[in-house]
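S.K.: Protein chains in written order, with the numbering used here: chain H, 1 to 962; chain X, 1001 to 1201.
All C-beta atoms in this analysis are idealised placements derived from N, C-alpha and C, irrespective of residue type, glycine included.
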Amino acid sequence: MSAVKFLLRTFQEKINLILFMKKLVISTLFVMQVFFVFAQTATTGITGKVVDSKTQKPLQNVVASIENTSLTALTNAAGVFVFNEVPQGSQLLQIKSTGYKDQLLSVDVIAGKMLDLGIIVFEEDITSEQQLSLVTITENDLGDDNSGSESTSGLLQASRDVYQQAAAFNWGQARFRIRGLDNEYGITMINGISMNKLYDGRPQWSNWGGLNDATRNQEFTMGSAPSDYTFGGLLGTQEINTRASMYRRGSRISFSGTNTNYSWRMMGTHASGMNTDGWAFVVSASRRWANEGYFEGTNYDANSVFASVEKKINDKHSINFTSIFAQNKRGKSSPNTDEVTRLKGIEYNSYWGWQEGEKRNSRYKEIEEPINMLSHYWKITDKTTLNTNVAYQVGFVGNSRLDFQLANNPDPTYYKNLPSYYLNDETYYVPTYAPDNVTIIGYTNPSAEIAQTNFVNDGQINWNNIYYTNKVVNRGERSAYVLYEDRVEDKQWSANSYLNSAIADNITLNAGINFKKLRSKNFQKLIDLLGGSYFNDIDPFFSGNASQSDLNNPDRQVRVGDAYGYNYYLNATTFDGFTQFKFSYKKADFYLAQSFSRTEYQREGNYRNGIYPTNSFGKSKSVVFENFGFKGGLTYKITGKQFLDFNGLYMTKAPSLRNTFSNARLNNNITPDLSSESIMGSDVSYIIKAPKFKARLTGFYNKISNATEISFFYGEGIFDAGEDGSTDTDSFISEIVTGMNKKHVGAEFGFEYQITSTIKAIGSASYGQYTYDNNPNLKVNDDALATSSNINPVTDFGKAYLKGYRLPGMPQQAYSFGLEYRDPKFWWIGANINYLTDSYLDVSSILRTQNFVVDVNGSGVGFEGATEESVRALLKQEKFEPITLLNLVGGKSWRVGNDTFGFFASINNVLDFEYKTGGFEQSRKATYPEYLADNANGTPSFGPKYFYGYGRTYFVNLYINF
Amino acid sequence: MKNISKFCLALFTFSMVVSCSDDTEIAPFKPLIFSEDFPEEEINFNATFDFEGWTNFAEAGTKLWIERDFNNDGYIQFSSFGSGEASNIGWAITPAITLPQDANAVLSFTSATNFVDNPANKLEVFISTDYNGTDVLAATWTQLNAVVADNTTNGYVYIPSGEISLADYSGTVHIAFKATGNGTTLDGLFQVDKIKVYSNN
């Protein structure tokens, strides 16, 4: 019986499907040219009903708007939208909704008639599957801190612009950055609250990582174009809206497999929609994990939970509570020199070693910073809304490392472990003699050979040796090696309020205020004694008082969980406000906005450092910055389908907390010559929006002036030896570059052309020149030079001659071409080919000061052998090989009853192209003769270190929507 | 299609406007043309000065310049003390130095004395454009106006020569350090170190 029932049901399904297919074919064919059915009404207007192509169910809350007017309408529960009093004549109607393809319809409005567009079939946006599956490279987080080598793909994933989608999905894997700009020039918001960290100005994507379903309601603006929520920056804004009633009702479960930074992902989401009592809720959870990601020893473990509840109190007021909890722990991978890569391959990672049959990574990053947010939505009048949010974020970020005292460096790539060390020292060469035992016929370097054999055969962290040293050699007492975390524990309150008001038919006002208060504890946390029972909290490179981390508590023995080394708070309070007026007229739209902000920073030392007894403990001077910004823009409508768009921005930006205290770990000193950045940006675009052809061509010119950069490293030859020549000139220093100007000039282009109703061609191009635009000032802090009378041991190195060098870390040219085929039977496939070039190595600033070329400081006379040509040749910036990437994507979905099953699959870098994504020069050999000697035989001990992109990777996602 | 071709045109224009330039700056420095700081590793203490390319010549008497070092710092020295000779004149002459056209070259060195109590016991610096590498006295030597240690300077204290312009010279030159003394009254010692010829451009 049941079998018969089943057959009947299947039969029924089939009929339904056939009927449905018929409908679909008709609606697909006429999706662009809609039947005009005129109803007999008195008003001049447009109406239509929006349904989902797959389920044929009406879609609610779809936004319909008439281009070049301020008219917008939302669909009701029956999927119907209505415009009354539309200007007669030819109009462009745009209809859009999250997760669906936008539709642009040409309509002719006749006076006194209600134009009925009938049923408008909405197709799911195939890129939305891609968005839900995008593995942001940023998560890989190659840098030691949350820095440098990141693409902007996380920011862009929700964009609908063809060019920006290429940037996110096709170029992101190669660290492409829009307009060559760092993420700190964009603003990422959740409900209007900026998620950019005060520490470095960059958003911490991991704070909501894995919650792709729950964070898909996004609005994006590009460049300095206006946002309703913030004044913004040079790069653009991303606003993630978590209001529960905004989510389309339904559930979704997905399961994915990939070979990128994780192996598996599970995600489940349910949205209730607004019920009759005014409640709506959304819950989502995901888990991502890998025993080993693409690079060796990179384990991954991430769990995320999201909940949002809304209560509609009445027509004017709603309250929403959002809670986001994302924890993430992953092993990091090392950047490697060419020598190391040549011996071990690009997937080699020096951070891990075998321990009891497991790969243990010594450098993991763990993040756990839950966000809780209370939002109030107030519809003051039909034309004015006020949204207020209060958020509290508390948690930690830990970056682990091995620490060691009076023991060998455990890093397998430590320079003395590599063949180059022996090859670069003539004393390790042994002559080979002719049979007469006198004539030297050649040389061998047995030490180099041994080093090479050891490194090739092992080359990983030797945990056994570490435990043996602590447990046996040191009898389980003082640990020579420990594992610790550089730990940041933040507590941050944020509050904002923003107003949106249509103050006249064609004038809209946006205004907002933001407040933030951060207390950030920074310290070294002891994680594992690795077989010993305590660790000495001293700096063995110094002696006497100077070796003490904390004179208030000297000679401490620290144990697991203890803070040691350095320990301080960074406190920050920021306030900012903006107003923005948008004007909309028949021939042109324009806007003007202005902002003001006040930023206050302070360091508060918990330790009295032995090197800086008078300026490390207690509170620093507080540093205040007041900044402002102006921007404006104009959209000129050449015709209804062609536009010219201009944007201009000038603003100043407070330095980040990170760059304000130049030696924050040890003392309260404020970075010398610190000042706000000034930022100037402008762009011009020509835009075509036709139903079959959409394109944008933009030229941009951006200047960032007075930027500050601080970095830390060991340097040789940076300070002159003492008179007796005995001073060790190899010192751990911080390099402070101030007054740096950067120029970002370029053009970007994107188009999509619907060749047939099923085939679409997509192309994007980006051409940029991102350069250092002046010779900034360079100062160096060396703790070894500190004395009781010199509590700020900063040495001025004069100018760093950087002008004309390219900004590193991203391809400055990128091109993409793709084709997409979308079958009416709910499957689709796409391919794109990409070419990226003009990517450069990060040059060392200190190598570009006079210190590099001048023998005796102050004399101006160069080192022996240094000529303009020879110096230029040594300091020539390395340009990486161009990158060619072929990517394939495809998917299919099935409807079974009311549910949709589907899969999405992508293969990135199908050709398995091996490429460098970035890298940096080491600064250790900081003078011409030392650098020359290190590079003499082509295998420098301190050559540049590189990051590599993934080879061929895949991503498969199976999902069910119900 | 019209739109597409319009776009291509615009795109082309843009790429022309954004022109290429790859010039980078380098830190300014005065390139060395010649330098000799008598490195300690190459010093043979109290041995006759015999660095490759140099000329060590006694015009009068038998005393020659010798190699010395002090506090890990090598130098050359001329002393007529105890020579028993009525006149001692010693020349230390650099290897051939090629001064490029328009190099605007500058000479600098340091010198020190001890036991010098008479201006006639002196160190002089000369330049020649026609010295053949062997016959010192046949060459034309022009004296250079250098600050040198003398009877008025403190013992063993190095005196910088100042920047001595060689802008009038180009091509092959030799620079000579000529010490004059004797075995009786003019028997002080002279030390020379850190010789540099560099372009002042």
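1. Would you mind telling me which residues of chain X sit closer than 8 angstroms to G862/H, beta carbon to beta carbon, in chain order?
2. Is Y527/H helix, strand or coil by DSSP?
3. Kindly list the residues whose CB is nearer than 6 angstroms to the CB of G1055/X, restricted to its own chain and excluding five residues on each side of it in sequence; keep chain order.
4. How many whole angstroms separate the CB atoms of N361/H and Y351/H, which I take to be in contact at a CB cut-off of 8 angstroms?
5. With A1096/X as the anchor, note down where its alpha helix (DSSP H) starts and where it stops.
6. Are the CB atoms of P808/H and D783/H within a distance shorter than 8 angstroms?
7. Distance cutoff 8 angstroms, beta carbons only. Does L886/H sit that close to anything in chain X?
8. Roughly how many angstroms separate the alpha carbons of Q165/H and M373/H, rounded to a whole number?
9. For the region 505-525 of chain H, which residues have a beta carbon sitting closer than 7 angstroms to at least one beta carbon of chain X?
10. Helix, strand or coil: which one does DSSP assign to G949/H?
11. Report yes if the C-beta distance between L406/H and P540/H is below 8 angstroms; otherwise report no.
12. Would you mind working out which of F1109/X, Y1131/X, A1138/X, S1079/X sits nearest K1122/X, comparing C-alpha positions?
13. Kindly indicate which residue of A1096/X, W1065/X, I1043/X has the alpha-carbon position closest to the one of N1071/X.
14. Which residues, in order along the region 1064-1076 of chain X, keep a beta-carbon less than 8 angstroms from a beta-carbon of chain H?
15. Taking beta-carbon pairs under 7 angstroms, can you tell me which members of the region 760-781 of chain H lie near chain X?
16. Along the alpha helix (DSSP H) that carries Q850/H, what are the first and last residues, could you check?
17. Look at the Cβ atom of V1148/X, then the Cβ atom of I1097/X, and state whether they are nearer than 8 angstroms.
18. Since S1087/X and N1182/X are thought to touch, with beta carbons under 8 angstroms apart, how far apart are those beta carbons, to the nearest angstrom?
19. Let me know if T1062/X comes out buried or exposed under the rule of 16 or more other beta-carbons within 10 Å of its beta-carbon.
20. By DSSP, does M189/H sit in helix, in strand, or in coil?
21. Measuring CB to CB, does T230/H end up less than 8 angstroms from I187/H?
22. Expressed to the nearest angstrom, what Euclidean distance is found between the alpha-carbon atoms of I371/H and N514/H?
23. Buried or exposed: where does Y481/H fall if 16 or more other Cβ atoms within 10 Å of its Cβ makes it buried?
24. Check whether the region 844-859 of chain H and the region 818-828 of chain H touch, using three or more Cβ-Cβ pairs below 8 angstroms as the test.
25. Please decide whether A926/H counts as near chain X, where near means a Cβ-Cβ distance under 8 angstroms.
26. Put K344/H into one of helix, strand or coil per three-state DSSP.
27. Nearest CA to the CA of E292/H: which residue from N571/H, W827/H, T260/H, G476/H?
28. Taking the alpha-carbon positions, what's the N299/H to A588/H distance?
29. Report the option in I324/H, S766/H, L402/H whose CA atom is closest to the CA atom of L697/H.
30. Can you name, in chain order, every residue of its own chain whose Cβ lies under 6 angstroms from the Cβ of H270/H, other than the five neighbours on each side?
31. For L551/H, which residues from the same chain have a beta carbon less than 7 angstroms from its beta carbon, with the 5 sequence-adjacent residues on both sides left out?
32. Assign V80/H to one of three DSSP states: helix, strand, or coil.
33. When the cut-off is 8 angstroms and only beta carbons count, does K637/H lie next to chain X?
34. List the DSSP bridge partners of Q56/H.
35. Measuring CA to CA, which of A174/H, F83/H, L386/H, V109/H is closest to T984/H?
36. For the region 1134-1160 of chain X, which residues have a beta carbon sitting closer than 8 angstroms to at least one beta carbon of chain H?
M.R.: Reading it off the structure:
1. Mapped onto the first sequence, residue 862/H falls at position 862. Neighbours of G862/H on chain X, chain order: F1029, K1030, P1031, L1032, Y1198.
2. What you label residue 527/H is simply residue 527 of the first sequence in a count that begins at 1. The sequence given here has Ile at residue 527/H, not Tyr. Residue state, collapsed to three classes: strand.
3. Here residue 1055/X refers to the residue found at position 55 of the second sequence. According to the sequence shown, residue 1055/X is Thr rather than Gly. Counting only Cβ-Cβ distances below 6 angstroms, and skipping sequence neighbours, we find I1093.
4. Sequence index remark: in the first sequence, residue 361/H carries index 361 (1-based). Sequence index remark: in the first sequence, residue 351/H carries index 351 (1-based). So it is a contact: roughly 5 angstroms between Cβ atoms.
5. The sequence position of residue 1096/X within the second sequence is 96, counting from 1. Neither: A1096/X is in no alpha helix (DSSP H) and is coded neither H nor E.
6. Taking the first residue of the first sequence as position 1, residue 783/H is located at position 783. Taking the first residue of the first sequence as position 1, residue 808/H is located at position 808. Contact flag unset, no.
7. Locating residue 886/H in the first sequence gives position 886, where the first residue counts as 1. No - not a single Cβ of chain X is within 8 angstroms of the one on L886/H.
8. For the purposes of this step, residue 165/H is taken as the residue at position 165 of the first sequence. For the purposes of this step, residue 373/H is taken as the residue at position 373 of the first sequence. When rounded, the distance between both Cα atoms is 30 angstroms.
9. none
10. Residue mapping note: residue 949/H aligns to position 949 of the first sequence, counting from 1. Residue state, collapsed to three classes: coil.
11. The residue you call residue 406/H lines up with position 406 of the first sequence. The residue you call residue 540/H lines up with position 540 of the first sequence. Yes, the Cβ-Cβ distance between L406/H and P540/H is below 8 angstroms.
12. The sequence position of residue 1122/X within the second sequence is 122, counting from 1. Of the listed residues, the one whose Cα sits closest to K1122/X is S1079/X.
13. Counting from 1 along the second sequence, the entry for residue 1071/X is found at position 71. Of A1096/X, W1065/X, I1043/X, the residue nearest in Cα terms is I1043/X.
14. N1071, N1072
15. Y767, Q769, N775
16. Along the first sequence, one-based indexing puts residue 850/H at 850. Note, Q850/H: alpha helix (DSSP H), 850-853.
17. For the purposes of this step, residue 1148/X is identified with residue 148 of the second sequence, where counting begins at 1. For the purposes of this step, residue 1097/X is identified with residue 97 of the second sequence, where counting begins at 1. Result no, Cβ atoms of V1148/X and I1097/X do not sit closer than 8 angstroms.
18. Working through the second sequence from its first residue, we reach residue 1087/X at position 87. Working through the second sequence from its first residue, we reach residue 1182/X at position 182. The pair is a contact, with the Cβ atoms about 5 angstroms apart (cut-off 8 angstroms).
19. Position 62 of the second sequence holds residue 1062/X. Burial call: exposed.
20. Within the first sequence, numbered from 1, the residue matching residue 189/H stands at position 189. The answer is strand: DSSP assigns M189/H an E or B state.
21. Stepping through the first sequence from its first residue, residue 230/H is reached at position 230. Stepping through the first sequence from its first residue, residue 187/H is reached at position 187. Contact flag set, yes.
22. Here residue 371/H corresponds to residue number 371 of the first sequence, with the count starting at 1. Here residue 514/H corresponds to residue number 514 of the first sequence, with the count starting at 1. Computed Cα separation, rounded: 17 angstroms.
23. Along the first sequence, read from residue 1 onward, the residue named residue 481/H stands at position 481. It counts as buried.
24. no
25. As a position in the first sequence, residue 926/H is number 926, starting the count at 1. It does not: the Cβ of A926/H has no partner Cβ on chain X nearer than 8 angstroms.
26. By 1-based counting over the first sequence, the position of residue 344/H is 344. The answer is helix: DSSP assigns K344/H an H, G or I state.
27. The sequence position of residue 292/H within the first sequence is 292, counting from 1. Residue T260/H is the option with its Cα nearest to E292/H.
28. Walking along the first sequence from the start, residue 299/H turns up at place 299. Walking along the first sequence from the start, residue 588/H turns up at place 588. So the two alpha carbons sit approximately 54 angstroms from each other.
29. Counted from its first residue, the first sequence places residue 697/H at position 697. Nearest of I324/H, S766/H, L402/H to L697/H, Cα basis: S766/H.
30. What you label residue 270/H is simply residue 270 of the first sequence in a count that begins at 1. Only S251, V283 meet the Cβ criterion.
31. Reading the first sequence from its first residue, position 551 is the one you call residue 551/H. Closer than 7 angstroms at the Cβ level, and outside the excluded window around L551/H, lie N545, R608, G610, P613.
32. Taking the first residue of the first sequence as 1, we reach residue 80/H at position 80. It is a strand residue.
33. Working through the first sequence from its first residue, we reach residue 637/H at position 637. No, K637/H does not count as interfacial toward chain X.
34. Sequence index remark: in the first sequence, residue 56/H carries index 56 (1-based). Beta-bridge pairing links Q56/H to no other residue.
35. The question about residue 984/H has no answer here: the residues shown for chain H are numbered 1 through 962.
36. none
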